[in-house]
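Student: Its first residue numbered 46, the sequence shown is counted upward by one per residue in the numbering used here. Glycine included, every Cβ here is placed at the ideal spot set by N, Cα and C. Structure below; questions to follow.
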Amino acid sequence: MFFIADLAGVSRDVSATRSRTKKIARIASALSTLSPQEVPPVVGFLCGEPRQGKLGLGYAEFSELSALAVPEQARVTALELDATFGELERCAGKGAARERSRILRDLYLKLSGDERDFVTRLVLGALRQGALESVVLDAIAQTAGVSPASVRRAMLFAGDIGAVAIRALSAGESGLSEFALQLFRPIRPMLAQSAKNVADAVERTAPSAFEYKLDGARIQLHRAGERVAIYSRYGNELTASLPELVELALGFDAESLLLDGEAIALHADGRPRPFQETMQRFGRKLDVAAQRDALPLSAFFFDCLLLNGQALVDHEAAARWQALCSAVPEAARVTRREIASAAEGEAFLAQALGAGHEGVVAKATRASYAAGKRGAAWLKLKPAPTLDLVVLAAEWGSGRRHGWLSNLHLGARDPETGGFVMLGKTFKGLTDATLAWQTERLQALATRREGHVVYVRPELVVEIAFDGLQKSPTYEGGLALRFARVKAYRADKTAAEADTIAFVRSLYEHRLARGSES
Numbered sequence: 046m047f048f049i050a051d052l053a054g055v056s057r058d059v060s061a062t063r064s065r066t067k068k069i070a071r072i073a074s075a076l077s078t079l080s081p082q083e084v085p086p087v088v089g090f091l092c093g094e095p096r097q098g099k100l101g102l103g104y105a106e107f108s109e110l111s112a113l114a115v116p117e118q119a120r121v122t123a124l125e126l127d128a129t130f131g132e133l134e135r136c137a138g139k140g141a142a143r144e145r146s147r148i149l150r151d152l153y154l155k156l157s158g159d160e161r162d163f164v165t166r167l168v169l170g171a172l173r174q175g176a177l178e179s180v181v182l183d184a185i186a187q188t189a190g191v192s193p194a195s196v197r198r199a200m201l202f203a204g205d206i207g208a209v210a211i212r213a214l215s216a217g218e219s220g221l222s223e224f225a226l227q228l229f230r231p232i233r234p235m236l237a238q239s240a241k242n243v244a245d246a247v248e249r250t251a252p253s254a255f256e257y258k259l260d261g262a263r264i265q266l267h268r269a270g271e272r273v274a275i276y277s278r279y280g281n282e283l284t285a286s287l288p289e290l291v292e293l294a295l296g297f298d299a300e301s302l303l304l305d306g307e308a309i310a311l312h313a314d315g316r317p318r319p320f321q322e323t324m325q326r327f328g329r330k331l332d333v334a335a336q337r338d339a340l341p342l343s344a345f346f347f348d349c350l351l352l353n354g355q356a357l358v359d360h361e362a363a364a365r366w367q368a369l370c371s372a373v374p375e376a377a378r379v380t381r382r383e384i385a386s387a388a389e390g391e392a393f394l395a396q397a398l399g400a401g402h403e404g405v406v407a408k409a410t411r412a413s414y415a416a417g418k419r420g421a422a423w424l425k426l427k428p429a430p431t432l433d434l435v436v437l438a439a440e441w442g443s444g445r446r447h448g449w450l451s452n453l454h455l456g457a458r459d460p461e462t463g464g465f466v467m468l469g470k471t472f473k474g475l476t477d478a479t480l481a482w483q484t485e486r487l488q489a490l491a492t493r494r495e496g497h498v499v500y501v502r503p504e505l506v507v508e509i510a511f512d513g514l515q516k517s518p519t520y521e522g523g524l525a526l527r528f529a530r531v532k533a534y535r536a537d538k539t540a541a542e543a544d545t546i547a548f549v550r551s552l553y554e555h556r557l558a559r560g561s562e563s
């Protein structure tokens, strides 16, 4: 049997090394000891994500548990922990808070100090061990004796690391090959890296096509005959909230389709409305008809992953675009142009900005669809410098902002450690409505408090505008933002999609190469 103490030991060992190879080997060693029943929950725990998802627990629920007496011998198994999380997930309605407290207390009375620390950090999303999903996937491949590529491909189509691990460990390559693209089972979207400038984007994606970068919400549309379903970038179904997009899809010239695109609210002249207005329509279950009349959405698609029963994810982007053009009218396709030079790219970028959009995406026309990856085949270009950063903490305000969490601590993602690197703070760009919302949200995400600072689970992504970067001895990454200000919270993105510290450093080095220290 695999115990929580074993989980804590793996976590400790993985945290102690920066070597990806050693991380993979340590996790693989643990996986090789598991029973089939233990595999799904344990791989989730090692990724730092219980398979029940977020349990709605915050700092307050754990603050009193540390005072409980520690048992002489702790022998709680991983399966028992998984069952406890299941109980917590099912708590709802009147008396739910009291019941959650009882369940947690009963669990913590059985845990050692190290086990309590591991479970607390697991639930609060604060495991900083560098064991990201990609590392665990490679460990699954090593344990099962299969290729990492096969495991990753299966994960793209299954979306469930526990199911992939079970299949890999029990049936090898042949079992993994059974995972395939399937309508009405959303796959993870392909993501874009950032380019330094147009010339960089053209060089890295050649032969390339540029597309307008819309500041809307990513959607995935599935259709089979008269059945249509629309999913968010995380796989949540949105169909009932977006009836006008369902009607649009039913008019496409195809029997079956799987499309990747953006939904966006537009002004009467066709220029985009702010991102926050688009997001008002997502997930609404009440007054949908009235919301549709008040704020209709448009959809613009840029990729076709399946057409009339044929999966296209392995086809080149140019072929997928042709398939899209054959089924989707021009009015519902993103504006696109093949680019042969940096000068052409600059002209297209200027056109996109003139139309009110935030930039362009450069795409390699010979690349396949790398679902779930932020690869170099797609590069985004936004002239106004912004970064998608993660809120790590916030400070209580003073004066007019007394009683509100105001000054945000901002971090870039560090894939090597699984943590975040502080880049600075800002309280600028926050409206009263945003201050009220973030105060409530951040308190729910709190993990600890030190004086006037509230540290939080790194979940909220915020788009930050800034005027430059400068060297800083204050922050561990050695860089700090200049004149940072909040542009918008990005409810459509997770912390795993935030910009990396490596990208931030590349921006700084690029500016140095141009002779600027800003």
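1) Can you tell me where the alpha helix (DSSP H) holding M200 begins and where it ends?
2) For I49, which three-state DSSP category applies?
3) Assess contact between the stretch 379-386 and the stretch 252-269, defined as three or more Cβ pairs (one per stretch) separated by less than 8 Å. Is contact present?
4) Just tell me which of L295, D183, A438 and S343 has its CA closest to the CA of A269.
5) What is the residue span of the alpha helix (DSSP H) that F90 lies within?
6) Please classify T250: does DSSP put it in a helix, a strand, or coil?
7) For A392, which residues does DSSP report across the bridge?
8) Which residue wins for smallest C-alpha separation from A529, given the options A541, F511 and T519?
9) Would you identify the three-state DSSP class for F107, choosing helix, strand or coil?
10) Tell me whether the beta-carbon of E289 lies closer than 8 Å to the beta-carbon of P231.
11) Pop quiz: A70 and R233 are said to be a contact at Cβ under 8 Å. What is the actual Cβ separation, rounded to whole angstroms?
12) Would you mind listing the beta strand (DSSP E) stretches within the stretch 432-488 that are 3+ residues and don't spill past its ends, in chain order?
13) Does the beta-carbon distance from L475 to S451 come in below 8 Å?
14) Leaving out five residues before and five after G190 in sequence, what residues of the same chain have Cβ atoms less than 8 Å from its Cβ?
15) May I ask you to list the residues that DSSP assigns as paired with V498?
16) Can you tell me whether DSSP reads E271 as helix, strand or coil?
17) Would you kindly report the start and end of the unbroken alpha helix (DSSP H) that includes A338?
18) Spatial neighbours of L201 within its chain, please: CB distance less than 7 Å, with the 5 preceding and 5 following residues excluded, ordered by chain position.
19) Should Y279 go down as buried or exposed, given a rule of 16 or more other Cβ atoms within 10 Å for buried?
20) Considering only their Cβ atoms, is the gap separating A543 from D459 smaller than 8 Å?
21) Using a Cβ-Cβ cutoff of less than 7 Å, which residues in the same chain neighbour K408 once the five nearest sequence positions on both sides are dropped?
22) Name, in chain order, the residues that DSSP records as bridge partners for F345.
23) Between the alpha carbons of V115 and A50, how many angstroms are there, rounded?
24) Is R378 helix, strand or coil when you go by DSSP?
25) Taking C-alpha atoms, which residue in L552, R502 and K532 lies nearest to L524?
26) Quick one: residues in its chain with C-beta nearer than 6 Å to the C-beta of E403, no 5 flanking neighbours on either side, listed in chain order?
27) Would you tell me roughly how many angstroms separate the C-alpha atoms of D183 and E223, rounded to the nearest one?
28) Pull up the distance between the alpha-carbon of R419 and that of A547, whole angstroms please.
29) As a quick exercise: from Q265, V243, A75 and A478, pick the residue whose alpha carbon is nearest that of A387.
Tutor: Reading from the atomic positions:
1) To locate residue 200, count along the sequence shown from 1; it is residue 155. Where M200 is concerned, the enclosing alpha helix (DSSP H) stretches over P193 to A203.
2) Position 4 of the sequence shown, counting from 1, holds the residue named residue 49. Helix at I49.
3) yes
4) By one-based count along the sequence shown, residue 269 stands at place 224. Taking only the C-alpha atoms, the option nearest A269 is L295.
5) As a first step, residue 90 must be located in the sequence shown, where it is residue number 45. Where F90 is concerned, the enclosing alpha helix (DSSP H) stretches over V84 to C92.
6) Walking along the sequence shown from the start, residue 250 turns up at place 205. Of the three classes helix, strand and coil, the one that applies to T250 here is helix, per DSSP.
7) Position 347 of the sequence shown, counting from 1, holds the residue named residue 392. In DSSP, A392 forms no bridge with anything.
8) As a working note, residue 529 is residue 484 in the sequence shown. Of the candidates A541, F511 and T519, the one whose C-alpha sits nearest the C-alpha of A529 is F511.
9) Position 62 of the sequence shown, counting from 1, holds the residue named residue 107. Here F107 sits in helix by DSSP.
10) For the purposes of this step, residue 289 is taken as the residue at position 244 of the sequence shown. For the purposes of this step, residue 231 is taken as the residue at position 186 of the sequence shown. For E289 and P231, no; Cβs fall outside 8 Å.
11) As a working mapping, residue 70 is identified with position 25 in the sequence shown. As a working mapping, residue 233 is identified with position 188 in the sequence shown. The pair is not a contact, with the Cβ atoms about 26 Å apart (cut-off 8 Å).
12) 450-459 and 464-471
13) Here residue 475 refers to the residue found at position 430 of the sequence shown. Here residue 451 refers to the residue found at position 406 of the sequence shown. A contact, by the Cβ cut-off of 8 Å.
14) Along the sequence shown, one-based indexing puts residue 190 at 145. Correct list, in chain order: G217.
15) For this step, residue 498 is matched to residue 453 along the sequence shown. In the DSSP output, where bridge partners are listed per residue, V498 has E440 and E495.
16) Position 226 of the sequence shown, counted from the start, is the residue given in the question as residue 271. If DSSP states are grouped into helix, strand and coil, E271 belongs with coil.
17) Residue 338 sits at position 293 when you count from the first residue of the sequence shown. The sequence given here places Asp at residue 338; Ala does not occur at that position. Residues V333 to A339.
18) What you label residue 201 is simply residue 156 of the sequence shown in a count that begins at 1. So the list reads I232, R233, A416 and G417, once near-sequence residues are dropped.
19) The residue labelled residue 279 in the question sits at position 234 within the sequence shown. Burial call: exposed.
20) Along the sequence shown, read from residue 1 onward, the residue named residue 459 stands at position 414. Along the sequence shown, read from residue 1 onward, the residue named residue 543 stands at position 498. Contact: no.
21) What you label residue 408 is simply residue 363 of the sequence shown in a count that begins at 1. For K408, where only same-chain residues beyond five positions count, the Cβ hits under 7 Å are T250, S253, A254, E256, A362, A422 and W423.
22) Position 300 of the sequence shown, counted from the first residue, corresponds to residue 345. Note: F345 sits in a beta bridge opposite E307.
23) Locating residue 115 in the sequence shown gives position 70, counting from the first residue. Locating residue 50 in the sequence shown gives position 5, counting from the first residue. Distance between the alpha carbons of V115 and A50: 14 Å.
24) The sequence position of residue 378 within the sequence shown is 333, counting from 1. R378: strand per DSSP, three-state reduction.
25) In the sequence shown, counting from the first residue as 1, residue 524 sits at position 479. Out of L552, R502 and K532, L552 has the C-alpha closest to the C-alpha of L524.
26) Within the sequence shown, the letter at position 358 stands for residue 403. For E403, where only same-chain residues beyond five positions count, the Cβ hits under 6 Å are K258, D260 and K427.
27) Numbered from its first residue, the sequence shown carries residue 183 at position 138. Numbered from its first residue, the sequence shown carries residue 223 at position 178. Cα to Cα, the separation comes out at about 19 Å.
28) Stepping through the sequence shown from its first residue, residue 419 is reached at position 374. Stepping through the sequence shown from its first residue, residue 547 is reached at position 502. Near 14 Å, if we compare the C-alpha coordinates of A547 and R419.
29) Within the sequence shown, residue 387 is the residue found at index 342, counting from 1. Ranking Q265, V243, A75 and A478 by Cα distance to A387 puts V243 first.
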